[in-house]
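Oh and the sequence shown: position 63 is 63 in this note's numbering, straight run, nothing missing. The beta-carbon is built from N, C-alpha and C at its ideal position, and this holds for glycine as well. Quantities reported herein were computed from a predicted structural model and do not represent experimental measurements.
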Amino acid sequence: MAAQKINEAHEHIAKAEKCLKTSLTKWKPDFDSAASEYAKAAVCFKNAKQYEQAKDAYLKEAEYHTENKTLFHAAKAIEQAGMMMKEQKKMPEAIQYIEKACMMYMENGTPDTAAMALDRAGKLIEPIHLEKAVDLYQKAAGVFENEDRLRQAVELLGKASRLLVRLKRLDEAAVALQKEKNMYKEIENFPMCFKKTTAQVLVHLHRGDYVAADKCVRESYSLPGYSGSEDCIAMETLLQGYDEQDDEQVYRVCNSPLLKYMDNDYAKLAISLKVPGGGGKKKKAAGAPQGGASGAPAAAEEEDEYEGGLC
């Protein structure tokens, strides 16, 4: 079967070369037909699992589509060449071809196709190179954002944010999360804004920046439905426990279903969060002078102390 497919591939290549020949009666090479024959040859090689030869055939197809000024089809062929590299586990080369194809899609005026190809490339490279995956997801998000496709853009930004957390690049993760939250606010998906606020708090506390974490919650009070919500109460309780070095309170919030069932990268931040200075402090007794069970005066003092903090 494989031998038959390889023979078919070579027959298509011979036809392609014939299409490129000129004569007294044929002044111009037939690039369109040559590209078509190389595409058929590539499929035959692929079916025979001759991926290197399939890659070469796809690149020839792209070359003749480019000569024929059909850039979209050229880009598709180059993307397929990248997939042949993927089949050979040559991931860096695969991504290079896919990125080149994406640039051609952009030049051809098909940015959506470019963004989707970047997303696919990100998924391919993610298991072996997180940094490159972040770059590809952010590029794809940028393309969608420029096209005012915010729902697609924010989904890709979310992938990048989670990987930045996994890479422990928390300063960048904080910036990316704020951008995500702003986009969700723009498309009026407020429940996702609540979730992003929780993620922001966890990232900022791991950065050791209580002020930024506190301000993110305060800013979210302006979101419809946030104040008094389960997400809001959990974050207020977490910040109070963190500020008071109350191990028990922080542990209880961080191990609650609300945080444990977040995306895995954020759930890991929750269960690994420690209060500053090693904690060790237990929650004060209910009768202790805190301004009642709600601790309202303490909260008011905090507000003064952290007024004007940065997120």
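DSSP places ASP246 in the strand class (E or B) of the three-state scheme. Less than 8 Å separates the beta-carbon of ASP119 from that of TYR137. Scanning its chain for C-beta atoms nearer than 7 Å, with the 5 sequence neighbours on each side dropped, one finds around LEU164 the residues VAL134, GLU172, ALA173, ALA176, in chain order. Burial of ILE125 is indicated by the presence of at least 16 other C-beta atoms within 10 angstroms of its C-beta. Boundaries for ASN189: no alpha helix (DSSP H) harbours it, and the DSSP string shows neither H nor E there. TYR51 sits close to MET84, with the two beta carbons spaced by under 8 Å. In the displayed model, PRO224 falls within coil according to three-state DSSP, outside both helix and strand. In this structure, DSSP gives ASN146 a helical state, which the three-state scheme calls helix. Rounded to the nearest angstrom, the gap between the Cα atoms of TYR251 and LYS49 is 53 Å.
In this structure, the alpha-carbon of ALA62 lies about 9 Å from that of ALA81. HIS10 carries a helical assignment under DSSP once its states are collapsed to helix, strand and coil. Counting only the Cα atoms, SER23 lies some 29 Å from GLN53.
Judged by beta-carbon spacing, ALA140 lies beyond the 8 Å limit of GLY158, meaning their Cβ atoms are not closer than that value. In this structure LEU205 is in contact with ALA213, their Cβ atoms being roughly 5 Å apart against a cut-off of 8 Å. PRO127 sits in coil when the DSSP states are folded into three classes, being neither helix nor strand.
Look at MET83 here: in three-state DSSP terms it is helix. Cα atoms of THR237 and VAL253: separation of roughly 7 Å, rounded to the nearest angstrom. Residue state for MET183 is assigned as helix, using DSSP reduced to three classes. Counting along the chain, LYS268 sits inside the alpha helix (DSSP H) bounded by residues 264-271. Nearest C-alpha to LYS21 among LEU259, GLU219, SER33: SER33. The beta carbon of ASP30 sits closer than 6 Å to those of CYS19, all from its chain and outside the five residues before and after it, given in chain order.
In this chain, the alpha helix (DSSP H) harbouring PRO92 covers 91-107.
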